[in-house]
Amino acid sequence: MNVILFGFGRAGKIHYHNCLKNANIQLTHVIDVMDISDSLQSNIHYVDYNDKDKIHCLMKNTNIQAVLIASPTYLHFEMIMLALNFNKHVFVEKPISNIYDNIESCFKLAEQKNLILFVGFNRRFDPLLMDIQEKLEKNEIGKIHYATTTSRDYPYPTQEYLNKSAGMFNDCATHDIDYMCWMLKDKPISVSVMASNGNNYNYDHVAIHFKFSMGTIVSMNLSRVASSYDQRCEFFGEFGEIINNDFLQNKKLSFPQRYEQSYINELQEFYTCIIEHKKPSVSKYDCMNNHIIAKACQEAVNQNKQITIKYGDLEFRDFSSSVPQRVKDNYLKARSHQTFDFVTKMQQHFGNFDIKMNIWDILENLNDLVDVSDPDISHPNLFHAFQTAEMMRRDDLPDWMQLIGLIHDIGKIMYIKGSDETGTGKKEQWAMVGDTFIVGCQLPNTLVFPEFNTLNPDMKNEIRSTTLGIYQKGCGLDNVICSWGHDEYLYRILSCNKNPNSLPIQALYIIRFHSLYAYHDKLEYMQFQSHKDKTLFHWLKLFNKYDLYSKSDILLDSNTLKSYYTGLIQKYFDNDYLFI
Ligand code: FE
Ligand code: FE
5 MNVILFGFGR
15 AGKIHYHNCL
25 KNANIQLTHV
35 IDVMDISDSL
45 QSNIHYVDYN
55 DKDKIHCLMK
65 NTNIQAVLIA
75 SPTYLHFEMI
85 MLALNFNKHV
95 FVEKPISNIY
105 DNIESCFKLA
115 EQKNLILFVG
125 FNRRFDPLLM
135 DIQEKLEKNE
145 IGKIHYATTT
155 SRDYPYPTQE
165 YLNKSAGMFN
175 DCATHDIDYM
185 CWMLKDKPIS
195 VSVMASNGNN
205 YNYDHVAIHF
215 KFSMGTIVSM
225 NLSRVASSYD
235 QRCEFFGEFG
245 EIINNDFLQN
255 KKLSFPQRYE
265 QSYINELQEF
275 YTCIIEHKKP
285 SVSKYDCMNN
295 HIIAKACQEA
305 VNQNKQITIK
315 YGDLEFRDFS
325 SSVPQRVKDN
335 YLKARSHQTF
345 DFVTKMQQHF
355 GNFDIKMNIW
365 DILENLNDLV
375 DVSDPDISHP
385 NLFHAFQTAE
395 MMRRDDLPDW
405 MQLIGLIHDI
415 GKIMYIKGSD
425 ETGTGKKEQW
435 AMVGDTFIVG
445 CQLPNTLVFP
455 EFNTLNPDMK
465 NEIRSTTLGI
475 YQKGCGLDNV
485 ICSWGHDEYL
495 YRILSCNKNP
505 NSLPIQALYI
515 IRFHSLYAYH
525 DKLEYMQFQS
535 HKDKTLFHWL
545 KLFNKYDLYS
555 KSDILLDSNT
565 LKSYYTGLIQ
575 KYFDNDYLFI
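Here my numbering is used: position 138 in the sequence shown is 142, and no number is missing along the way.
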């Protein structure tokens with residue numbers, strides 16, 4: 005793969021040498037403002053950054069597949085857009101840009117052009133940190149209550165660098181922020197910061213304290229003053245601790261040595277992403293959120309108080325070409341396997357309700373489950389539950405609705421009794437999550453990925469492939485059978501006499517059909533509508549608004565909400581447990 009490098013500063017030189025060592029990558033040109041031709045190997049050409057004609061000529065060259073950008077941050081945006089417009093894959097040092105909208109524009113263009121935009125948050129490629137991430141992923145020390153990071157720079161940066169730098173939070177802390185969110189699979193909801201010595205956002209020392217949404221306290225200590233480059237982190241969990249104490253005092257090392265391997269790894273990963281057309285681990289949302297969090301840190305210093313972090317609005321249910329493969333696969337398998345006969349079998353398999361489980365335990369248990377069908381940002385499940393409920397509470401909706409906001413997705417607990425073979429496991433979830441449809445009649449072509457409809461064996465059946473199928477006009481949604489998923493399962497749990505409750509019919513209706521987007525969003529299946537369906541339709545619409553929009557906005561503190569919702573559970577349920 006032929007590659008050009010833009011920028012020959014601190015990071016640029018590292019990438020330069022790693023390109024020379026990487027057998028898959030052929031570096032052809034280096035662009036910089038200064039004439040650095042003497043520093044380059046004879047087969048690599050220097051291009052003056054101000055020679056725009058030459059740069060355009062290079063971009064037009066179809067033999068060049070990718071551009072590595074390691075220039076000062078303020079030049080990233082222009083260069084990324086230029087490279088993407090000329091159909092080059094882009095690797096860019098973090099941060100993409102210090103302007104929020106620019107981050108989004110870059111990713112949008114990359115998506116449109118079907119190109120890789122790889123952002124070099126290199127901590128994610130450090131073997132030590134990768135090892136810790138793996139341990140956390142395997143839940144080795146349980147829920148993390150407290151974590152710290154230490155980050156000390158060495159040597160003290162030059163004034164020239166400091167003048168161009170975007171500040172302690174954007175330049176340095178953003179690394180720690182990124183890997184903490186990555187490892188904890190969570191985001192901070194509030195921050196307070198102490199900063200000393202320095203100005204123009206470049207402090208010598210800062211102490212940052214975050215509260216993460218799942219309750220983890222994260223303390224980040226960053227300084228520019230130390231006898232060697234120092235990067236450490238510690239995690240304290242419910243079953244133990246992980247401490248990375250790798251520091252050599254007075255060794256006079258700096259980041260090129262500390263992160264030598266991660267720079268090599270990330271370059272190789274960039275190549276792999278291009279070749280295998282794999283999504284880079286750092287997403288658009290990661291970059292946008294890292295930006296928001298760094299900005300909140302600066303706000304906390306400016307205002308000298310604790311800041312609540314507000315995340316931006318996102319586009320929901322984007323099933324376009326940029327959708328992750330896991331989402332597409334989930335829909336493909338659901339469409340191929342969810343037939344009338346399959347659903348009947350599932351109804352039997354999950355019809356025993358013989359496991360007794362506390363409602364809070366169910367909610368917390370689901371935090372380990374990632375919904376593979378969700379193209380939107382993935383918060384832990386409990387988080388989505390609290391947010392849906394809290395937004396309804398804020399808007400003064402009835403308390404039973406707040407309660408179903410909290411529990412509407414707990415049918416996913418079926419994975420405990422399920423299996424990957426039947427799409428009801430931890431890995432395979434095609435009969436658990438995602439939009440549902442009615443089996444026994446024609447599949448509407450407004451379903452997401454309608455091209456998968458022909459894969460459904462029932463569509464070859466003479467009766468089951470007709471508009472009415474096996475049903476009668478106006479029979480009501482209560483009398484049709486939906487594809488198997490968490491909606492129907494929870495409906496059955498709550499309708500079973502082992503689980504006495506006083507939830508109104510609207511509540512059970514919303515639970516049963518909230519994933520039937522073809523009906524409440526695309527207005528399909530109107531032939532089955534009964535009087536009851538007509539009167540309850542607006543509840544589905546109303547609920548959906550909260551179900552979707554609770555995926556962004558402000559993150560909440562789960563610890564303080566528990567008592568309020570425990571009250572609602574007590575009000576509507578005879579017991580604090582369910583038979584599932
Ligand atoms: Fe749901
Ligand atoms: Fe939901």
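Just so you know, even glycine gets a beta-carbon here, dropped at the ideal spot from N, CA and C.
None of these values were measured; they are calculated from a predicted model.
- In the three-state reduction of the DSSP assignment, glycine 16 falls in the helix class.
- No heavy atom of ligand 1 is found nearer than 7 Å to the CB of serine 285.
- In terms of Cβ geometry, valine 222 and methionine 198 do not form a close pair [threshold 8 Å].
- Beta-carbon to beta-carbon, glycine 427 and histidine 341 are separated by about 6 Å, close enough to satisfy the 8 Å threshold.
- According to DSSP, glycine 202 shares a beta bridge with Tyr207.
- Following the DSSP letters along the chain, one finds arginine 236 inside the beta strand (DSSP E) bounded by residues 234 to 241.
- Distance from the Cα of threonine 440 is smallest, within the candidate group Asn362, Trp364 and Lys526, for Lys526.
- Between isoleucine 497 and isoleucine 515, the alpha-carbon positions lie close to 11 Å from each other.
- Residue range 490 to 499 is occupied by the alpha helix (DSSP H) that includes leucine 498, with no beta strand (DSSP E) assigned at that position.
- Here glutamine 391 is buried. Its C-beta has 16 or more other C-beta atoms within 10 Å.
- For tyrosine 267, the enclosing alpha helix (DSSP H) starts and ends at 264 to 280.
- By the rule of a C-beta closer than 6 Å to any heavy atom of ligand 2, the residues picked out are His388, His412, Asp413 and Asp551.
- Straight through space, the alpha carbons of proline 454 and alanine 522 are spaced by roughly 11 Å.
- Serine 200 counts as exposed, since fewer than 16 other C-beta atoms from the protein chains shown sit within 10 angstroms of its C-beta.
- A residue is called buried when at least 16 other Cβ atoms come within 10 angstroms of its Cβ; aspartate 378 meets this threshold and is buried.
- Check the Cα spacing between glutamine 433 and each of Met418, Gly444 and Leu447: the tightest is with Met418.
- Per DSSP, reduced to three states, the secondary structure at arginine 228 is coil, with no helix or strand assignment.
- Going by C-alpha positions, glutamine 45 is about 14 Å away from isoleucine 18.
- Less than 8 Å separates the beta-carbon of valine 96 from that of isoleucine 73.
- For arginine 468, the secondary structure class from DSSP, reduced to helix, strand or coil, is coil.
- Bounds of the beta strand (DSSP E) holding valine 7 are 6 to 10.
- Counting only unbroken stretches of 3 or more residues, the beta strand (DSSP E) elements lying wholly within the stretch 110 to 184 are 121 to 124 and 148 to 156, in sequence order.
- Taken in chain order, the complete alpha helix (DSSP H) segments of 4 or more residues contained in the stretch 54 to 104 are 56 to 64 and 80 to 89.
- The beta carbon of asparagine 22 is closer than 7 Å to those of Tyr267, Ile268 and Leu271 in its chain, skipping five residues each way along the sequence.
- In this structure, valine 195 lies near isoleucine 212, with their beta-carbon atoms less than 8 Å apart.
- Serine 506 sits exposed, since fewer than 16 C-beta atoms from the chains shown fall within 10 Å of its C-beta.
- Under the DSSP assignment, lysine 299 falls in the alpha helix (DSSP H) whose first and last residues are 288 to 307.
- Contact check for alanine 300 against threonine 178 fails: the beta carbons are separated by 8 Å or more.
- Non-local beta-carbon contacts of glutamine 531 in its own chain, meaning distances under 7 Å to residues more than five positions away in sequence, involve Thr471, Leu472 and Lys477 in chain order.
- Of the residues assessed, arginine 262 falls on the buried side of the cut-off, its CB having 16 or more other CB atoms within 10 angstroms.
- Look at histidine 93: its beta carbon is at least 7 Å from all of the heavy atoms in ligand 1.
- Taking 8 Å as the cut-off, the Cβ atoms of cysteine 445 and serine 534 do not count as close.
- Distance from the Cα of glycine 124 is smallest, within the candidate group Glu466, Lys147, Asp333 and Ser75, for Ser75.
- The closest CA to that of glycine 11, considering only Leu386, Gln69, Ala304 and His33, is found on His33.
- Secondary structure note for isoleucine 247: its beta strand (DSSP E) is the uninterrupted segment 244 to 248.
- The Cβ atoms of leucine 582 and isoleucine 363 sit closer than 8 Å to each other.
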